[in-house]
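Below: the structure, in structure tokens.
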Amino acid sequence: MTGTLLVQQGGHCVVTDLGRVRGPRYGLPVNGALDQYSARAANILVGNKDNEPLLEITALDVRLRSTTDILISVTGASLTLTVGGRECPQWEPVSVAAGETISIRTMTGGLRAYLAIHGSVETPSLLGSCAPDTVVGFGHRLMEGDSLTTRRSVRPIRQPYFDLPLFRLGLTRPGISTHPVIDVTDGPDIEEFGETAQKLFTGTYTVGDRSNHIGLRLRGDLPERQLTSEVLSRGVPVGAVEVPSRDELLVLHRGRGVTAGYPVMAVVTSLSLDALAQARPGHLVTFRHTTVAEASANYRSAMRELDKLRTRVGTVFGLLGLESDTSESETRQLAGSQSARGKEHPSPDPSMNSTRNIDVKHNNAS
Amino acid sequence: MTTTTVEVHEAGDAALRIVAATGDRERDWQTVHALAGWLDSSGMEGIHGAVPTYDSLLVEFDAHLTSARQVRAIVLMAMRQIDFVGATSRAPQQFEVPVAYGGEFGPDLERVADHEGLDVEEIIRLHTAKSYVIRCLGAPAGSPMMDGPDFPLPVPRLKDPRISVPAGAVSVAGRQAVIAPASAPGGWCVIGQTPLTLLDASREPLVPYLPGDVLRFRRISAEDFTRYDGQPLEVSL
């Protein structure tokens, strides 16, 4: 059964996914959730495929009211989450009854949170992704009075006696620090900076005010390019560390222009890009040198954590009679495949599953 | 059969930069575009796609599903196939782009003329004199990137990039030329503007041209600009 999410307070909130991976070949940035780990986790926690549309909430308070019973999860930056006035945990599935308001307030210790909804929401897509693209003018930013169509309804799942949290899925949450250590590998053009490239690892940098989804601007002791020759435009990776001016270091994030003519001194690892997505202006950043082999090993280890979570969610949701998309290979391929999103499966009728619900409650309470 | 040399550089844990080093610019360009086409159509698991430009190619991948080492091996295998079969070539489409030069349409036209030591009319003549091969699609939003007009000197970028350059801006920098499909910040010298719309977010691809297509500029007046305003850029017959 579809429902509606009414936007009572929009804050700075967009509908997004893991990004437009087919964009770069056409000159469009990949965009999508800046903290990919938190976005994947949010979707997995409600039994969705990793790449389903979800909400990315930046900094400001958001309030949404659901017209139907739904199941949500909120990950990313620490904040106060209440549903119908009850304080609820982040990084766990949370039931929302019809008519209740989801309130996200006082985000601290990070900049971006992710709200996923079991069954996801209806949203237009461009090149297989709903991620906003500010240059092309595509995407849905929530404004007060807007509504979103939710695709599935889930009867409230509650612990019957003490209203204890029903789920304890036990995902390792990434620590969000006000002084993150950011891992970088050598960029393809590091030699153009000579000895000054080492400055990146000796100084501390401050996140500047003009930082956004395109890139973070950092103040500090800057390496200097030793050459003056022109660089032909070429594809730059997300995470590229460049020195475009005498004032700032630029670290490109997922909204980066696909081509540019600046030398790439270093590249931030995939996991550290998630950490940078949570850095606020004024936060300090220290860089640490790593290798591609080590960075890939760490990334795979983080993805294995999510694989384990997906398995646990599959088990729990199976017992509850809820649908979940636990096939990881299918999930992963979706993010990179040529074809658009998979077909929607019909929702099971939640009222059919009351007996199994009680079993799980019993197990959980014991 | 000859073997084309490519250099493979690490570019983080989720990308590689491939640079063609044949010693011939035209062949370098053909090589990286043939390689991009091969990778895009291969459907290799974990490879998101490839961004080819002039002499280089950025290959982006999912570091969980594949690895830099595997992608490197795939690229080298692809190169052997491309060398064996040869790059497939497609008949280029032709485009004609009307441009209003100077004034409000091209605020940097006189600056470029001064720098080149030519008068404004000569700059416009040179800009409309040749056919341009679209070398690649770049930022922002599928800009057609081309080798520049036959000016005597490379054109320096603006010292203070503009916060916003309008859609349709026709610009030059270094030895390159470009048209902006969407409004974006820019540091290139804007010498004119086309009234045609290049970008249509409701179709795929979003722009009507592909690398390898050929484009010419035609001078129009300010009155003509209003007449064409908002019409889509289409293949000329």
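Sequence lines, in order, name chains A and B. Just so you know, we're using our numbering here: the first sequence kicks off at 712 and counts up by one. Just so you know, we're using our numbering here: the second sequence kicks off at 2 and counts up by one. Glycine residues also receive a C-beta, built at the ideal position from the N, C-alpha and C atoms.
query: Which residues bound the alpha helix (DSSP H) around Gln747 (chain A)?
result: 747-756
- prompt: With 16 other CB atoms within 10 Å as the buried threshold, where does Pro800 (chain A) fall?
  reply: exposed
Whether Gly193 (chain B) touches Thr896 (chain A) by CB criterion (7 Å): It is not a contact, given that the beta carbons lie outside the stated cut-off.
query: Among residues of its own chain, excluding the 5 on either side of Ala142 (chain B), which ones have a beta-carbon nearer than 6 Å to its beta-carbon?
result: Pro182, Ala183, Leu200
- prompt: Would you call Pro153 (chain B) buried or exposed, if buried means 16 or more other Cβ atoms sit within 10 Å of its Cβ?
  reply: Classification of Pro153 (chain B): exposed, given that the 10 Å Cβ count is below 16.
task: Compare the beta carbon distance of Ala37 (chain B) and Ala51 (chain B) with 7 Å and say whether it is the shorter of the two.
output: Yes. Within cutoff.
task: Let me know the secondary structure DSSP gives Pro167 (chain B) once reduced to three states.
output: coil
message: I want to know whether the region 734-750 of chain A touches the region 204-211 of chain B - three or more CB-CB distances under 8 Å.
response: yes
- request: List the residues of chain D whose Cβ lies closer than 7 Å to the Cβ of Val732 (chain A), in chain order.
  value: In the structure shown, chain D does not exist; the protein chains are A and B.
- prompt: By Cβ distance, which residues of its chain are closer than 8 Å to Leu995 (chain A), with the 5 residues on each side in sequence left out?
  reply: Cβ neighbours of Leu995 (chain A) beyond the five flanking positions: Thr889, His890, Thr915, Tyr916, Thr917, Val918.
- request: Round the Cβ separation of Asp728 (chain A) and Ser840 (chain A) to the nearest angstrom and send it over; I've been treating them as touching at under 8 Å.
  value: 6 Å
task: Give, in chain order, every unbroken run of the alpha helix (DSSP H) that is at least 4 residues long and sits entirely within the region 11-82 of chain B.
output: 26-43
message: If I follow the unbroken beta strand (DSSP E) through Phe998 (chain A), where does it start and stop?
response: 995-1000
Beta carbon of Pro867 (chain A) nearer than 7 Å to that of Ser806 (chain A): Cβ atoms of Pro867 (chain A) and Ser806 (chain A): closer than 7 Å.
task: Determine the chain B residues that contact Asp746 (chain A) at a beta-carbon separation under 8 Å, and present them in chain order.
output: Going along chain B, no residue has its Cβ under 8 Å from Asp746 (chain A), so there is no contact; the nearest lies around 15 Å.
query: With 7 Å set as the bound, which would you pick, yes or no: does the beta-carbon of Thr54 (chain B) sit closer than that to a beta-carbon of chain A?
result: yes
message: Quick check on Asp1070 (chain A): buried or exposed, where buried means 16 or more other Cβ atoms within 10 Å of its Cβ?
response: The pLDDT assigned to Asp1070 (chain A) is 33, lower than 50, so where the model puts this residue is not dependable, and the model offers no usable value.
field: Short-range partners of chain A found in the region 2-21 of chain B, where Cβ spacing is below 7 Å
entry: His10, Glu11, Ala12, Gly13, Asp14, Ala15, Ala16, Arg18
task: State the Cα-Cα distance for the pair Val60 (chain B) and Leu837 (chain A), rounded to the nearest angstrom.
output: 21 Å
- request: Give a yes or no on contact between the region 964-973 of chain A and the region 996-1003 of chain A, applying the rule of three or more CB pairs nearer than 8 Å.
  value: no
- prompt: Taking Cβ-Cβ distances shorter than 8 Å, what residues in chain A pair up with Leu58 (chain B)?
  reply: Gly946
message: Tell me the rounded alpha-carbon separation between Thr791 (chain A) and Arg774 (chain A).
response: Cα to Cα, Thr791 (chain A) sits roughly 12 Å from Arg774 (chain A).
- prompt: So what does DSSP say about Ile901 (chain A), is it helix, strand or coil?
  reply: helix
message: Below 8 Å on the Cβ atoms is my contact criterion, and I expect Ala752 (chain A) with Leu1020 (chain A) to pass it. Report the Cβ-Cβ distance as a whole number of Å.
response: Contact flag correct, Cβ pair sits at about 7 Å.
- request: Compare the Cα-Cα distances from Glu959 (chain A) to each of A:Ala770, A:Arg921, A:Arg852 and report the closest residue.
  value: A:Arg921
message: Do Thr861 (chain A) and Gly758 (chain A) have their beta-carbon atoms positioned less than 7 Å apart in this structure?
response: no
task: Would you identify the three-state DSSP class for Ile125 (chain B), choosing helix, strand or coil?
output: In the structure shown, Ile125 (chain B) falls within a helical segment according to DSSP collapsed to helix, strand and coil.
message: So, at 8 Å on beta carbons, what are the nonlocal neighbours of Met147 (chain B) in its own chain, with the 5 sequence-adjacent residues on each side left out?
response: Closer than 8 Å at the Cβ level, and outside the excluded window around Met147 (chain B), lie Tyr133, Val134, Ile135, Arg136, Gln177, Ala178, Val179, Leu216.
Any C-beta of chain B under 7 Å from that of Glu1041 (chain A): Since pLDDT at Glu1041 (chain A) reaches only 45, below the 50 mark, its modelled position is unreliable, and the value read off the structure follows with that caveat. Glu1041 (chain A) has a beta carbon lying at 7 Å or more from every beta carbon in chain B.
Pick from A:Gly946, A:Gly926, A:Gly886, A:Ala809 that is closest to Asp56 (chain B), judged by C-alpha positions: A:Gly946
query: Should Leu77 (chain B) be flagged as near chain A, meaning a C-beta pair shorter than 7 Å?
result: Taking Cβ atoms only, chain A never reaches closer than 7 Å to Leu77 (chain B), which makes this a no.
field: CA nearest to the CA of Glu105 (chain B), picked from B:Asp41, B:Leu127, B:Ile48, B:Val166
entry: B:Val166
field: 6 Å Cβ shell around Leu756 (chain A) - same chain, five flanking residues per side excluded
entry: Ser784, Pro804
- prompt: Ala827 (chain A) bridges to which residues according to DSSP?
  reply: A:Ser784
message: Can you find the residues in the same chain that come closer than 8 Å, C-beta to C-beta, to Met712 (chain A), ignoring five residues on each side of it along the sequence?
response: Thr779, Arg863, Ser864, Ser1058
task: Take every Cβ of the region 90-98 of chain B, pair it with every Cβ of the region 107-124 of chain B, and state whether three or more of those distances are shorter than 8 Å.
output: Short answer: they don't touch.
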